[in-house]
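S.K.: Dumping the structure here so I can ask a few things about it.
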Amino acid sequence: MYENILKIRTGFFLVCALLIFMVTANANPSASMNNLTADEMATLALKDSMYYHFDEWFVRFQVEINRLESAMPSIENRVELMKFHFNYAGLLGELCHTLAFTSKYQDEKIAEKFMYHSRQVKDLANEILDDESVSPEQEAQANLFLGASEGYIAIFVYGQGKLLEALINGFQADNHLEEAISLNPALVDAYFGLGMYRYGNSRLGGLGNFIMQGGRDHRLVGLNHIEHAILKGAASQPLALKTLAWFYISEQINPKNKGLPNENPLSKMKTRQNALALLFDLENRYFSQPAPYPHFKGNKELAMMKALQYVLDKDYVNARIEFEKVLKIIGHLQNRGFKINPQLTQSVEAGIDFCSLMLLQTSVGEDKKQACVKVNEQMDFLNGGGSMVEYDSKKIRRELHGVFSEALLQMAEKMHCEHG
């Protein structure tokens, strides 16, 4: 269920023991960094993921996992070990979002690593819940991480076409996240997970939403849950901000919202306002000051969302600027060794061509003929399965396709182009 909402992608950077020692020593020699808890590391690692700084945290997580696995068994150690495995799986997801992994573009070794850590979380959480000495707080945390890991597994197996297994894990995730909040409402990251679940099932509808939510429309419930997690300072705040911004962009093209009055929270006016506010917040929080790492050249996810919002606003000048920014960042990441999905580059290049085409002012003579050729090429690209934005969900991809197709058709009519 979750896969269609948020394109979750996974990845892993494998290093030898010597490199582990060197990176750990060079990353930050202070004792305070080495004594961080799993929760403290998770917050810092997620923030660093915004700058594509992953390797240090994979090393740190693995060092802590190794330490806890060899330590004296105790419920406290199992709780911390569960969290470090979850940190590893979560950061893998963010790395592979950077790599633009989809259900069609994955690496088996990477996928195995992701599933390994997710299943370790699930196994450890169940062990903790079965322990008679578990405290109420430990029980709440075990439910939180159990639900989150089940959500990860649901995402993954759904992408493999294992719909029944995805539904089972998704249903279990929902129950365990609800239980975590019931036991401890202060575990606000559970609201983020539930928010994605509530919104995602409702947004996609169909059989999945009928089975999981009785066909009810819980989009607003989901959006409010995610906002609650952000306002309460959830550790997943960077990811929650990106997710909520994308959801509000998505709602602007949702046919269900057509004709809603402006005061409705799902109207085009309100969802646009919220999307713009969140994009501004993301930029202000993480990118308004000099980057903490010299290798950082910009965040392609933020640039892509801004490009899409500009397209929806028909501001093709700024949309092209943002698409070009995405392309530049992709090139920089590839130079750093990131194996970016080639389809992403193709889609972004098509987005740049689309914006350039929308900015053409020609209407007569040979220039008009060439412009019509380009319009037809773009329409053929879209009709042939191409996309300006890669997205696994057929429903969302179809809606995005409609935005670009409609603009091209309007231009073709304006210039009296003949298609075919």
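Count along the sequence shown starting at 1, add 3, and that's the number in our numbering. The beta-carbon is built from N, C-alpha and C at its ideal position, and this holds for glycine as well. Since the model is a prediction, treat every value here as computed from it, not as a measurement.
Going by C-alpha distance, which of F357, L102 and L403 is nearest Q381?
M.R.: With distances taken between Cα atoms, Q381 lies closest to F357.
S.K.: Which residue from G354, D51, G154 and A193 puts its Cα closest to that of F174?
M.R.: Checking every option, the nearest Cα to that of F174 belongs to G154.
S.K.: State buried or exposed for T40, treating a residue as buried only when at least 16 other CB atoms are found within 10 Å of its CB.
M.R.: Answer is exposed; the Cβ neighbour count stays below 16.
S.K.: Among the candidates E181, R206 and L47, whose CA atom is the shortest distance from the CA of Y289?
M.R.: The option with the nearest alpha carbon to Y289 is L47.
S.K.: In terms of DSSP beta bridges, what is Y108 paired with?
M.R.: Paired residue(s): T105.
S.K.: A306 and K342 look like a contact to me (Cβ under 8 Å); what is the Cβ gap, rounded to whole Å?
M.R.: Not quite, the Cβ-Cβ distance comes to about 20 Å (not below 8 Å), so this is no contact.
S.K.: Residue range of the alpha helix (DSSP H) that V66 falls in?
M.R.: It spans D58 to S73 - the alpha helix (DSSP H) in which V66 sits, taken as one unbroken run.
S.K.: For N277, which residues of its own chain have a beta-carbon under 7 Å away from its beta-carbon, when the five flanking residues on both sides are left out?
M.R.: Excluding residues within five positions, the ones whose Cβ falls inside 7 Å are Y251.
S.K.: Sorted by chain position, which residues of the same chain lie with C-beta nearer than 6 Å to D220's C-beta, five sequence neighbours on each side aside?
M.R.: Same-chain partners within the cutoff: S205.
S.K.: Would you tell me roughly how many angstroms separate the C-alpha atoms of H419 and R275, rounded to the nearest one?
M.R.: Between H419 and R275, the C-alpha separation is close to 32 Å.
S.K.: Could you tell me the distance, in whole angstroms, from the CA atom of Q337 to the CA atom of H404?
M.R.: Cα to Cα, Q337 sits roughly 27 Å from H404.
S.K.: When burial is assigned at 16 or more other CB atoms within 10 Å of the CB, is F89 buried or exposed?
M.R.: Per the 10 Å Cβ criterion, buried.
S.K.: Would the beta-carbon of F87 fall within 8 Å of that of L98?
M.R.: No, the Cβ-Cβ distance between F87 and L98 is not below 8 Å.
S.K.: Does the Cβ of N172 have 16 or more other Cβ atoms within 10 Å, making it buried, or fewer, making it exposed?
M.R.: When all chains shown are included, N172 counts as buried.
S.K.: Output yes or no for whether 8 Å exceeds the beta carbon distance between I324 and T348.
M.R.: No. Outside cutoff.
S.K.: Could you say if the region 228-244 and the region 48-67 meet the contact criterion of at least three C-beta pairs nearer than 8 Å?
M.R.: Cβ pair count under 8 Å is three or more, so yes.
S.K.: By the three-class DSSP mapping on this structure, what secondary structure does Y251 have?
M.R.: In this structure, Y251 counts as helix in the three-state DSSP scheme.
S.K.: Between Y194, K165, I399 and G262, which lies nearest to H231 when the distance is taken from Cα to Cα?
M.R.: For the residues Y194, K165, I399 and G262, the minimum Cα distance to H231 belongs to Y194.
S.K.: Taking the straight line between their C-alpha atoms, what separation do you get for Q373 and L95?
M.R.: Cα to Cα, Q373 sits roughly 45 Å from L95.
S.K.: For Q364, report the span of its alpha helix (DSSP H) as first-last.
M.R.: Note, Q364: premise wrong, no alpha helix (DSSP H); not H, not E.
S.K.: Using the C-alpha atoms, what's the distance from S350 back to G389?
M.R.: Looking at the two C-alpha atoms, the distance is approximately 7 Å.
S.K.: A415 and F384 - do their beta-carbons sit closer together than 8 Å?
M.R.: Their beta carbons are not under 8 Å apart, which means F384 does not touch A415 by this criterion.
S.K.: With S138 as the anchor, note down where its alpha helix (DSSP H) starts and where it stops.
M.R.: Segment: none, S138 is in no alpha helix (DSSP H) and carries neither H nor E.
S.K.: For S73 and L166, what's the separation of their Cα atoms in angstroms?
M.R.: Using only the alpha carbons, I get a separation of about 37 Å.
S.K.: Over the uninterrupted alpha helix (DSSP H) stretch that includes H419, give me the two end residues.
M.R.: Counting along the chain, H419 falls outside any alpha helix (DSSP H), and DSSP gives it neither H nor E.
S.K.: Scan the region 309-354 and note each continuous alpha helix (DSSP H) run of 4 residues or more that stays entirely inside, going in chain order.
M.R.: Segments of the alpha helix (DSSP H) lying fully in the region 309-354: 319-338.
S.K.: Going by C-alpha distance, which of L285, A103 and D134 is nearest R81?
M.R.: Among L285, A103 and D134, the Cα nearest to that of R81 belongs to D134.
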